[in-house]
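For the record, the sequence lines run as chains Z and B.
If you read the first sequence in the working numbering, its first letter stands for residue 1, the second for the next number, and so on.
If you read the second sequence in the working numbering, its first letter stands for residue 1001, the second for the next number, and so on.
Where a beta carbon is used, it is the ideal one built from N, C-alpha and C, also for glycine.
To keep things clear, I will list the structure first and then write my remarks on it.
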Amino acid sequence: MALAADLVVLAQATAEELEGSLSLDSFVLAEQFYFFTVVIMWLIHAGFMAYEAGAARRKNIMSTAMKNILTIAVVTPSFYYFGWYIYGCFEQGGPGLPGVSNGSFLGGAGHNGPAALEGFCGLTAPWSDAMGPNLQDHISAVFFLAFLLFSWTTASIMSGALIERIRLSAYLLLAVLLGSGVWIMDAAWGWSAGGWLTTRFGFHDAIASAVVHGVAGAFTLGVLLNLGPRIGKYDMAGRARTFRGHNTHLTLMGLMLIFTGFYGFYAACLVIQSTTFPGWLNIYLSPTTLGSIAFVITVGFAGGFTGGWFASRGDPFWTLSGGLAGVIAVSAGADVYHPSLAYLLAASGGMLAVYAGTWIERRLRLDDAVGAVAVHGVCGFYGVFLVGIFAGGYPTGVNNVETSFGGQLMGMMAFLPLGFLPGFIAAWILKKLNLLRVPPEVELEGLDMAEFQQDFFPEFERVPETVVLPDGEEVDSAAILLEAYSQLHNGHGERGAVAARPGDERRSP
Amino acid sequence: MIDSFPWEGIWSDLGEEISTFWTFGPGEDGSRTGTYVMTVLGVALMLIALGAFVWLEQRKLAAQQALLRAAGGFPAPGGVPPGPGPSQPPLAGPATDPGD
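Structural data, given as structure tokens:
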């Protein structure tokens, strides 16, 4: 009997040890998974840098690229100190109140005192045990890093629209606000299992169509309204000219890098840890698979390229931007869409981006240098809208609230002002302080000389800078830019508006 | 609304078994002074850096603007605008003087 009892004890201990070992292995595997999504997502930022630098004129290359690099320098600490905490503790709308655990709009999980350390909220404070070396926690740090990369992406979405005239420092301040404040607030509300939009309205934006892209586009729109167009962008009749980027190949390569990085982005939006969860989950902890979302993103690119190509009649920039727009349009429902549906919707998204971008440039007269408002903003909200139509009834989150058009509309109504107003107000304040835009002389000469005192292609002779007139003719831009500068200082017209050619304003209607 | 995080027990259990070797971490006695001090210093560095970005760029831009105006390439505000054509030395880089 004694021997049998010993064998039972031994068998039990072995089972416990096996269970512990299996659990540790699973946590370490999950840790590695998120780590490699972070590595892949770095390509998004290499891509943004190449994309925007290629779209810039030769005189603004390094100042454009440096924005993307310094995004990492400022968004990383601000997201660590504030942003992650917002995600963890603002799920119910605002910060938790001391002594209030749950149940009110402002009553989140609490953040003051020992009680704050309970649950996810407590793990997100910068002084949390989960934010440092912790042999018992293989998840929190890499999960934080994945969200940090999302934050860089969100800020970088804005950067391309503002190139060639915004101050680097103004951009960095706006990037902190967007990357570590605005977007992560909407993520807490509608991109988490406990967010009020998720739990009350079944808001469904699985891979962040509006949460990342839409809100970044709305924020950018607010900034652009204050920043104004580049000098010479519009003639006196309000017709748009086109500035040739210095290297379209570099721009297209950047977009391809962004596309590659998007696979990491998509994967990082899922939750996996096999001894805790039954399988792959989306951000709302509803079941899905890694294969399904990878399928949708791939088909989404195909549809987006197709839509962008035909809507732009074969323009290279808009064809690739159409691919991005297509993916963004199907991201919100990527966990539930059939591939054929995703293909069709992505094609419509690619076309929508082209039409919206043209309308924004020519009708709204906003100088969005890379079409960010159209591609990310318009198509981001379009993606959430589509889920309300094509994925209605799908259960979202641990409360299994059904996705509905009304719920999607609620999310859009929350996110649009949440994105637009901070961008507009912050840019307006910077504008009033004369800290938003570089001086016009510096803009005309090129930002690189002011910022870095050097030409970054010293071995190549500078060729005359050209501009494409609204009628398609490409001409030397020097005279146009000089006249725009003079009109600016003499109070004639808005910044950026100048006669198509010297003398043309007299012929304008 | 979720009344409790579904896997709260797991998370809190992890939180109670923290390694104590973390530099400036909580330590065995639970003291967090070092953690808080490092956090405050980090936030201070971040804020100073943001302010310094603004200050340094303002200096660069003002200096370059003054240099360009002094060089005569641009009319002073309110001055006489140049006539049509690139009558001045190149502004944006393109050399127009064949002998340049």
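For B:ARG1069, the closest Cβ of chain Z is nearer than 8 Å.
By the neighbour-count definition (other C-beta atoms within 10 Å, threshold 16), Z:HIS376 is a buried residue.
Collapsing the DSSP output to three states places Z:VAL212 in a helix. Residue contact check for Z:GLU402 against chain B: no CB pair falls below 8 Å. Listed along the chain, the chain Z residues whose CB falls inside 9 Å of the CB of B:GLY1072 amount to none; the nearest CB is some 12 Å away. Put simply, of Z:ALA369, Z:ALA329, Z:TYR263 and Z:LEU149 the residue whose alpha carbon is nearest the alpha carbon of Z:LEU221 is Z:ALA369. Within the DSSP secondary-structure output, Z:PRO395 pairs in a beta bridge with Z:GLU402. A Cβ of chain Z is located within less than 8 Å of the beta carbon of B:LEU1061. The beta carbons of Z:GLU52 and Z:SER159 sit closer together than 8 Å. In this structure the stretch 36-49 of chain Z lies against the stretch 264-271 of chain Z, because at least three pairs of beta carbons, one per stretch, are closer than 8 Å. Using a Cβ-Cβ cut-off of 9 Å, B:LEU1050 is close to VAL74, SER78, SER169, LEU172, LEU173 and VAL176 of chain Z, given in chain order.
In terms of CA proximity to Z:PHE259, Z:ALA50 leads the group Z:ALA50, Z:VAL28 and Z:ASP471.
Following the DSSP letters along the chain, one finds Z:ASP129 in no beta strand (DSSP E), marked with neither H nor E.
Listed along chain B are VAL1054, each with a C-beta nearer than 7 Å to that of Z:LEU435.
Inter-residue distance for Z:THR358 and Z:GLY392 is about 31 Å (C-alpha atoms, whole angstroms).
Judged by DSSP secondary structure, Z:ASP335 falls outside any alpha helix (DSSP H); it is assigned neither H nor E. Ranked by Cα distance from Z:TYR394, the first of Z:SER404, Z:PHE385 and Z:LEU386 is Z:SER404. When DSSP states are grouped into helix, strand and coil, Z:LEU281 belongs to the strand group. As summarised for the stretch 411-488 of chain Z, the continuous beta strand (DSSP E) elements at least 3 residues long and confined to that stretch are 466-468 and 474-476, given in chain order. With its beta carbon less than 8 Å from one in chain B, Z:MET449 belongs to the interface. Among the CB atoms of chain Z, none fall inside 8 Å of the CB of B:THR1033. Going by beta carbons, Z:LEU177 and Z:PRO458 fall outside the 8 Å limit.
Secondary structure at Z:PRO229: coil, using DSSP grouped into helix, strand and coil. For B:ALA1044, the number of other beta carbons within 10 angstroms of its own is below 16, and it is reported as exposed. Counted as a single uninterrupted DSSP element, the alpha helix (DSSP H) harbouring Z:HIS249 occupies residues 248-268.
Rounded to whole angstroms, the separation of the alpha carbons of Z:LEU250 and Z:TYR34 is 29 Å. Rounded to the nearest whole angstrom, the CA to CA distance from B:GLN1058 to Z:ASP448 is 14 Å. For Z:VAL271, DSSP records a beta bridge to Z:LEU281.
Between Z:GLY47 and Z:LEU255, the CB-CB gap stays under 8 Å.
Z:TRP309 sits buried, since 16 or more C-beta atoms from the chains shown fall within 10 Å of its C-beta. For B:THR1039, the closest alpha carbon among the candidates Z:ALA155, Z:LEU135, Z:MET131 and Z:ALA372 is that of Z:MET131. Residue pairing by DSSP places Z:ALA240 opposite Z:TYR234 in a beta bridge. Neighbourhood of Z:PRO278 in chain B, by CB distance below 8 Å: empty, with the nearest CB roughly 12 Å away.
One finds nothing in chain B with a Cβ atom closer than 7 Å to the Cβ of Z:GLU361; even the nearest lies about 22 Å away. In the three-state scheme derived from DSSP, where H, G and I count as helix and E and B as strand, Z:PRO95 is classed as coil.
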